[in-house]
Amino acid sequence: MNNRHLYWLAGVLAAIAFAIFGYKVLILKFPVTPDRLATAWRIEARIDFNAHGGPVLGEFLLPRSTTTRPVFNEAFVSGPYGIATRDAGDNRAAVFSIAEATGPQTLFYRATLELAPATETPAPSPTPSLNRVPMNEAELAAARALLVKLRPRAAGISTLMGLLITNLRNARPGDEASLLLGNSRSTRRIVDTAIKVLRQGGIPARRVNGFALAEDRRQIGVAHWIEVYVEDRWLPFQATDGAAGVPPRHFPWWRGEQNSVTITGADRPHITYSVSMAHQFALRAALERSRTIGVNLTDFSLFGLPFQTQQVYRILLVVPVGIFLLVLLRNVVGLRTFGTFMPVLIAMAFRETHLIWGITLFSIVVFLGISVRFYLEHLKLLLVPRLAAIVIVVIGVMALLSVISFKLGFMGGLSVALFPIVILTMTIERMTVVWDERGAMEAITQAAGSLVVAIFCYLLMNAQIVGHLAFVFPELLLVLLAGILLLGRYSGYRLTELGRFRVLAGKDPQ
Amino acid sequence: MIGLARRLREAGVLGLNRRNAEYTLLYNQRRLYPLVDDKLQTKKLALAAGIAVPDLYGVIEVQREVRNLPRIIAGHDAFVVKPAQGSGGKGILVLEKGPRGLYRKPNGSFMSEAELAYHTGNILSGIYSLGGQPDKVLIEYRVNFDPIFARIAYQGVPDIRIISFLGVPVMAMVRLPTRQSGGKANLHQGAIGAGVDLATGRTLTAVWGNGVVDTHPDTLNPVTGVEIPHWPTLLDHAARAWELTGLGYQGIDIVLDRDLGPLILELNARPGLNIQIANRAGLGLRLEKVKASRDGLKTVEDRIAFARENFAAA
């Protein structure tokens, strides 16, 4: 067999891929590694409340999308609730309602945010009305006294804010600040008190509620700072020391002294927020650059697709990487697996479920599936109806696991959608045949082997760098293709064969 | 590790990748595979060429015909049920009629009529077939194996596997069932594999599991140095299999019947590589030798003579 044709083809494919890759990296400056300091974040708000049995009407305040702080890919997971967004003064709000609901309810809101650059001038906005906060005699007197004390010492709004916050932070028992603050010394209390005082002095001020976006966090607390209206603009001030500007790496979510959720027909809602880094937007600069050069890569690349479709390709484009590994493990290492590509499909499912839960789910489903399969053996069913019965059992088991895990407050159980039910069913069937023919050990060994291969595929496919390279440089697929073509003519020993044929080594063949 | 790979290469040991890339893919044309993958077709081919095969009692092709089973086996005390397109011996049942309408398996356990019908249905729906496609069920003659093997086989049917390349027999082994293999002649299930000297038809070293054995672990009779009867006929069948199917690289599985002599059980387009372990020799060098002299090997007699001369035990 003349392999020159093959080498030539593989060489050309790899050359094309590396040429495009090099152009994108060297000329267009596409980032080769995912940007560590991503400016985009995925944020998820989860609202839990207990409905009373009648109609429920609620309002959830949302971040407003601006040119410096865009909010994209918003999505609500609201079950039977009707959702509408509306303008609510300083904020945007999602109104959710249902005619009747009883018991625990959960709503989700997800969005991707981008942090504004550190130096930013707020846009002008119309003069707000000055809503003085009602206060009792003592508080009123204290606020006035504080203003009289601080105003003459302040040169402008910045120094006044600095003095005010420092004064509140260092409140001593008996002084005005202490009287205004009451028992609490929380940041929120300090912000609210500062606002009360400012408004009393005729300066419009409002609370800003937002989040620090610094690392991936499951539950993050709401951060607060102040905005003061000066010369047709709202200027931000930090609540720690009254310094001007938004606290570093903070994103404003809603403005005002109210809670983010108001609700009727249910108990006080409980809201949890979680944030995680989103890497895709680190590429913006590179895409902008390609636009200015005149190569419109955005329109003729995966980045031009709707976001939903992009998400699908994010998953699909790492599949070849997993398949490449599978070819290596099967043809060079010599591992045996159930079904040619089954481990890759399982690995794809692991992306959604994550490793530990994925392995648990796989083991439970296969174990229960096999038990049912052995029971069905007694009924002597024909193959296709038998497989159909197992499919139904597999789906039922997964639904049950989801419900149970959700009740236990474990979210992993909800992400089973991608689990390849049919593939699992075929695995169960093949496993029972091997079980019958070769014994339980062989069947379990092969199943465990498949699972190990799936774990390797998952670890590789889920590596951040792999996902980044596959999506940003899809031309690298051609390199994988070239590699697989070459492996297609690999005729050396498999690693496992070295052990198998060990006894034959070092002997004369004749 | 690298050193081990090099030593194996020097010994001419054939790996799965090399077998596929350089032999089966090149010498076995895809369109010819059905001839050997479907045992019914193999049987017809062999009969047309005058080669003996186990007598076919009946074929079941659709589920409805499963009820014909009792009629097919009427008048036969023993029979074999096998998938026409099975691989690796999967799905094969060797049965004898027992008391109260039950069927007796080689290991002594019994099977009911309903269980047999269920097994037949499973074969039809293709769970044992190569690609999982619907299959046919063959019911055929149960071999009464040659007494020479009675002393060195435990239950089950011992068979002889010969690899033939371009019509030249290149390596052979006898597979002997043991108690561990459950009566199956399958090496990785625990059967003994004994290499065979192509010149004399005498068994060489025998391999059981990962070790070398001289005696059968269950019967304790020697398994080396056993002379296989009808050896010239076996070589002849192996050599003629090339003309039969057109497959350049194939494995020929033959059983020896007490009364009928050698019968071709099946042909295999992707024969396994364990034969190398049984013979303690690599296939690679032998295959290259055949490739180098293929032009001079025109007739069946030439090819057999070549094999006897070149692949005799040292």
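Just so you know, the sequences run in chain order F and H.
All letters in the first sequence, in the order written, are residues 0 to 509 by numbering that gives the first Met the number 0.
All letters in the second sequence, in the order written, are residues 0 to 313 by numbering that gives the first Met the number 0.
The C-beta atom is built at its ideal place from N, Cα and C for all residues, glycine as well.
Quantities reported herein were computed from a predicted structural model and do not represent experimental measurements.
What residues are listed by DSSP as bridge partners for residue i?
i: residue 271 of chain F; result: F/45
i: residue 97 of chain F; result: F/55
i: residue 212 of chain H; result: H/205
i: residue 420 of chain F; result: Its beta-bridge partners do not exist; DSSP assigns none.
i: residue 175 of chain H; result: H/191
On the three-state DSSP scale, how would you describe residue i?
i: residue 490 of chain F; result: coil
i: residue 137 of chain F; result: helix
i: residue 112 of chain F; result: strand
i: residue 228 of chain F; result: strand
i: residue 301 of chain H; result: helix
i: residue 151 of chain H; result: coil
i: residue 295 of chain H; result: helix
i: residue 36 of chain F; result: At residue 36 of chain F the pLDDT is 48, less than 50, meaning the model places this residue with poor confidence; the figure from the coordinates comes in the next sentence. DSSP places residue 36 of chain F in coil when its eight states are reduced to three.
i: residue 19 of chain H; result: helix
i: residue 16 of chain F; result: helix
i: residue 430 of chain F; result: helix
i: residue 311 of chain H; result: coil
i: residue 103 of chain F; result: strand
i: residue 26 of chain H; result: helix
i: residue 151 of chain F; result: helix
i: residue 158 of chain H; result: strand
i: residue 225 of chain H; result: coil
Candidates the options: which alpha carbon is nearest residue i's?
i: residue 113 of chain H; options: H/55, H/263, H/105 and H/100; result: H/100
i: residue 203 of chain H; options: H/128, H/162 and H/274; result: H/274
i: residue 479 of chain F; options: F/448, F/324 and F/384; result: F/324
i: residue 119 of chain H; options: H/76, H/165, H/168 and H/69; result: H/69
i: residue 262 of chain F; options: F/499, F/19, F/15 and F/47; result: F/47
i: residue 173 of chain H; options: H/299, H/142 and H/205; result: H/205
i: residue 84 of chain H; options: H/71, H/135, H/240 and H/305; result: H/135
i: residue 17 of chain F; options: F/474, F/357, F/88 and F/202; result: F/474
i: residue 211 of chain H; options: H/38, H/223, H/218 and H/268; result: H/223
i: residue 501 of chain F; options: H/241, H/242, H/276 and H/290; result: H/276
i: residue 136 of chain F; options: F/351, F/199 and F/496; result: F/199
i: residue 361 of chain F; options: F/351, F/376, F/345 and F/350; result: F/345
i: residue 186 of chain H; options: H/195, H/209, H/97 and H/81; result: H/209
i: residue 71 of chain F; options: F/326, F/386 and F/114; result: F/114
Measure the alpha-carbon distance for residue i versus residue j and round it to whole angstroms.
i: residue 297 of chain H; j: residue 442 of chain F; result: 47 Å
i: residue 110 of chain H; j: residue 379 of chain F; result: 14 Å
i: residue 158 of chain H; j: residue 60 of chain H; result: 27 Å
i: residue 79 of chain F; j: residue 264 of chain F; result: 16 Å
i: residue 229 of chain F; j: residue 171 of chain F; result: 30 Å
i: residue 353 of chain F; j: residue 34 of chain H; result: 47 Å
i: residue 243 of chain F; j: residue 187 of chain F; result: 17 Å
i: residue 281 of chain H; j: residue 503 of chain F; result: 7 Å
i: residue 121 of chain F; j: residue 227 of chain F; result: 11 Å
i: residue 232 of chain H; j: residue 261 of chain H; result: 7 Å
i: residue 116 of chain H; j: residue 188 of chain H; result: 26 Å
i: residue 219 of chain F; j: residue 210 of chain F; result: 7 Å
i: residue 371 of chain F; j: residue 434 of chain F; result: 14 Å
i: residue 340 of chain F; j: residue 222 of chain F; result: 48 Å
i: residue 343 of chain F; j: residue 204 of chain F; result: 56 Å
i: residue 316 of chain F; j: residue 227 of chain H; result: 58 Å
i: residue 263 of chain H; j: residue 154 of chain H; result: 20 Å
i: residue 61 of chain F; j: residue 225 of chain F; result: 18 Å
i: residue 106 of chain F; j: residue 77 of chain F; result: 5 Å
i: residue 266 of chain H; j: residue 236 of chain H; result: 11 Å
Against chain A, with Cβ distances strictly below 7 Å, would residue i count as a contact?
i: residue 216 of chain F; result: The chain labelled as chain A is not found among the protein chains of the depicted structure, namely F and H.
Less than 6 Å between the CB of residue i and some heavy atom of the ligand ATP, yes or no?
i: residue 261 of chain F; result: As presented, the structure is devoid of all ligands, the ligand ATP included, so that no description of it is given.
Subject >> Contact set between the region 19 to 43 of chain H and chain F, restricted to residues whose Cβ is under 7 Å from the partner >> reply: 20, 21 and 25
**OP:** Quick one: which residues of the region 262 to 276 of chain H get their C-beta closer than 7 Å to a C-beta of chain F? List them in chain order.
**Re:** 275 and 276
Original post:
At a Cβ cut of 9 Å, what residues of the region 74 to 102 of chain H count as close to chain F, listed as they run along the chain?
Top reply: 87, 88, 89 and 90
**OP:** Identify each residue in the region 180 to 201 of chain H for which the Cβ-Cβ distance to at least one residue of chain F is less than 8 Å, and report them in chain order.
**Re:** 188
**OP:** Name, going along the chain, the residues of the region 57 to 75 of chain H whose beta-carbon falls closer than 9 Å to a beta-carbon of chain F.
**Re:** 62
Original post:
Using a beta-carbon distance cut-off of less than 9 Å, what residues from the region 230 to 248 of chain H approach chain F?
Top reply: none
Subject >> Members of the region 381 to 407 of chain F near chain H, C-beta cut-off 8 Å >> reply: 381, 382 and 383
Original post:
Which residues, taken in chain order from the region 6 to 28 of chain F, show a beta carbon closer than 7 Å to some beta carbon of chain H?
Top reply: none
**OP:** Select from the region 66 to 98 of chain F all residues with a C-beta closer than 7 Å to any C-beta belonging to chain H, and list them in chain order.
**Re:** none
Original post:
In chain order, what residues of the region 488 to 500 of chain F put their CB closer than 7 Å to some CB of chain H?
Top reply: 488, 489, 490, 491, 492, 493, 496, 497 and 500
Original post:
When you check each C-beta in the region 420 to 442 of chain F against every C-beta of chain H, which residues fall closer than 8 Å?
Top reply: 428, 432, 436 and 437
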